């Protein structure tokens, strides 16, 4: 393997993981998972993932919106009211909910 290509690949992976971590935090999750990696891949400078997703009329914003909707739908399926699920998925702290991460759950912020 070409050492320069290996270095470039390592930088790409580093950026992919770093961006996925930031996306996960922005979405209220403790750790990045597959959906965060997909959103991160769309933003890579080589544009390869963005090109593939564009064939499905998806960009990073639309994919993130879809992921948020699926998270909310999962909460509703678990018996949580839609308006509560929407507030829980809102990154705005004034929504009254605070994320402790998807795996740790949510807690109501005292008023």
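In our numbering, the protein residues as written are 4 to 114.
Think of the CB as a built atom: it goes at the ideal place given N, C-alpha and C, for glycine as much as any other residue.
These numbers come from a predicted model, not from an experiment.
Sub-7 angstroms separation of residue i and residue j beta-carbons
i: residue 39; j: residue 27; result: yes
i: residue 43; j: residue 19; result: yes
Member of the options whose CA lies at the smallest distance from the CA of residue i
i: residue 46; options: 12, 73, 63 and 86; result: 63
i: residue 12; options: 78, 49 and 58; result: 49
i: residue 57; options: 41, 86 and 15; result: 41
Supposed contact pair residue j and residue i - C-beta distance, whole angstroms, cut 8 angstroms
i: residue 23; j: residue 6; result: Rounded, the Cβ-Cβ distance is 26 angstroms, inconsistent with contact.
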